[in-house]
Amino acid sequence: MKLSKKLPLVILATAAVAILIIGGSDYFRTSSALRHNAETKLNALMQVRKESLASYLDTIRQDLRFQAANPIVVDALGEFTTAWHGMGGGQTEKLQKLYINDNPHPTGKKEELDLAPDGSAYSRIHGKYHPWLRTFLRERGYYDIFLFDTKGNLVYTVFKELDYATNLATGKWRDTDLGNAFRSAVEKPKAGTQNFFDFKPYAPSAGAPAAFISTPVFDRSGKNIGALAFQMPIDKMNEVMQSSVGLGKTGETYIVGADHLMRSNSRFSKEATILTRKIDTVPAQFALDGKTGVMEAKDYRGVDVVSAYGLLEFLGARWALLGEADSAEVFAELYN
12 MKLSKKLPLV ILATAAVAIL IIGGSDYFRT SSALRHNAET KLNALMQVRK
62 ESLASYLDTI RQDLRFQAAN PIVVDALGEF TTAWHGMGGG QTEKLQKLYI
112 NDNPHPTGKK EELDLAPDGS AYSRIHGKYH PWLRTFLRER GYYDIFLFDT
162 KGNLVYTVFK ELDYATNLAT GKWRDTDLGN AFRSAVEKPK AGTQNFFDFK
212 PYAPSAGAPA AFISTPVFDR SGKNIGALAF QMPIDKMNEV MQSSVGLGKT
262 GETYIVGADH LMRSNSRFSK EATILTRKID TVPAQFALDG KTGVMEAKDY
312 RGVDVVSAYG LLEFLGARWA LLGEADSAEV FAELYN
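Positions in the sequence shown are counted from 1; adding 11 to them yields our numbering.
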């Protein structure tokens, strides 16, 4: 082939290679920029979620610490305990009849009864302290509040479920985490010690997810007289993670426990996923191992995502925090 014919072909080939190089360079530059933007956004969202959760959990610890030393709570526990032991036996049957079975308020509203009409010392004490404890519970958003004597008798609860007036050391519910919360508080009681038991289905609450946090209570002489415990609902944690601001169409943030079960609901599921959906993804495991980072991986749906992951710890509990967005959305500009 003559040089005059070869030259245009060489020029065209060179131009094509140059275009490919420039195009490839632009592609990877754009891809890198999009990934960086996604990482920055997801990391920022994760930090906001983590700070919100940490603040909420710290508030619970402060509440428990303050109320365990509050003279109202200390006096209430002492008086309920005295009245309990003055009933002469059969406390479970008597109190559940008065405050659950014969309670005129419907299930889920049993806490509305301030004073049963039996004229007992216990009911007079209940009428004295229950309105204050109920108000505190509602203002702070707890599911229930428990007062135990040192023997495990649950001498008072706000909500009046089937654990009320039972013994958590020897009774039907002794193997639940409420039983564990009681024992942890009184076995080696030390002022300020707090014990947390992560969310699980709790039978007396109709299987609803429940976590418990407990601490010992001491009278004015420094003697341990029992324990105070809060039942924490999972709604607040779920609410923090469910905010869709800044998440785009496919982004979500969620919590995974050490048992690999979700502690918040999936944005993509019509059914509740708390304590039902198991997460065995690489980012979740990395987070539970104490690692922090961003990676591209498959999520629990089998979808390619960009995933930011990290760990939140609370009184021995370990939770993976994940912020993810579908790769298809993150890199949509490239595909278009």
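Each residue gets a CB set at the ideal place from its N, CA and C atoms; glycine is no exception.
From a predicted model like this one, the values you see are computed outputs, not experimental measurements.
Query: Simplified DSSP state of Ile224, which is helix, strand or coil; Result: strand
Query: Meets three-Cβ-pair contact criterion under 8 Å: the region 70–89 and the region 216–223; Result: no
Query: Which listed residue (Lys211, Phe193, Asp315 and Trp95) has its alpha carbon closest to that of Gly163; Result: Phe193
Query: Nearest-angstrom Cα separation, counted from Pro294 out to Val256; Result: 22 Å
Query: Proximity below 8 Å, CB of Tyr154 to CB of Tyr110; Result: no
Query: Cβ-heavy atom distance, Gly257 to the ligand SAH, below 7 Å; Result: Absence of the ligand SAH is noted for the structure shown, with no ligands found whatsoever.
Query: For Ser232, the three-state DSSP class (helix, strand or coil); Result: coil
Query: Through-space distance from Asp188 to Ala269, alpha-carbon basis; Result: 16 Å
Query: Cβ neighbours of Leu14 in the same chain (closer than 8 Å, five flanking residues each side left out); Result: For Leu14, the predicted model reports a pLDDT of 47, less than 50, meaning its position is unreliable; a value from the coordinates is still stated below. Correct list: empty, nothing qualifies.
Query: Three-pair Cβ contact test at 8 Å for the region 237–254 versus the region 288–305; Result: no
Query: Rounded straight-line distance, which links the Cα of Thr118 to that of Ser254; Result: 31 Å
Query: Sequence-distant residues of the same chain with beta carbon closer than 6 Å to Gly262, five excluded per side; Result: Ala336
Query: Closest by C-alpha distance to Tyr133, when choosing among Thr93, Ser275 and Asp246; Result: Thr93
Query: Selected residue, minimal CA-CA separation from Val10, among Leu179, Asn249 and Asn235; Result: Lying before the first or after the last residue shown, residue 10 is absent from the chain, which here runs from 12 to 347.
Query: N-terminal and C-terminal residue of the beta strand (DSSP E) that Glu282 is part of; Result: It is not in any beta strand (DSSP E) - Glu282 carries neither H nor E in the DSSP assignment.
Query: 8 Å CB neighbourhood of Thr303 in its chain, flanking five on each side removed; Result: Tyr320, Gly321 and Leu322
Query: N- and C-terminal bounds of the alpha helix (DSSP H) containing Ser134; Result: Ala132 to Arg151
Query: Per DSSP, cross-strand counterpart(s) of Asn164; Result: Asn178
Query: Secondary structure of Thr92, DSSP reduced to three states; Result: helix
Query: Phe91 to Lys139 span [Cα, whole Å]; Result: 11 Å
Query: Length-filtered (3 minimum) beta strand (DSSP E) runs lying within the region 246–314; Result: 263–268 and 304–309
Query: Length of the line joining the Cα atoms of Val314 and Val169; Result: 45 Å
Query: 6 Å Cβ shell around Gly130 - same chain, five flanking residues per side excluded; Result: none
Query: Straight-line gap, Leu31 to Lys247 (C-alpha atoms, nearest Å); Result: With a pLDDT of 49 at Leu31, under the threshold of 50, the modelled position of this residue cannot be trusted; read the value that follows with caution. Taking the straight line joining both Cα atoms gives about 52 Å.
Query: Buried/exposed call for His47, threshold 16 Cβ in 10 Å; Result: exposed
Query: Three CB pairs or more closer than 8 Å across the region 145–153 and the region 221–234; Result: no
Query: Close-in-space but distant-in-sequence residues of the same chain around Ile224 (CB under 8 Å, 5 per side omitted); Result: Ile71, Arg72, Leu75, Ala192, Gln205, Asn206, Phe207, Phe208, Ala240, Phe241, Met243 and Leu326
Query: With 16 other Cβ atoms within 10 Å as the buried cut-off, status of Gly100; Result: exposed
Query: Bridge partner(s) assigned by DSSP for Pro4; Result: There is no way to answer for residue 4, as the model of the chain reaches only from 12 to 347.
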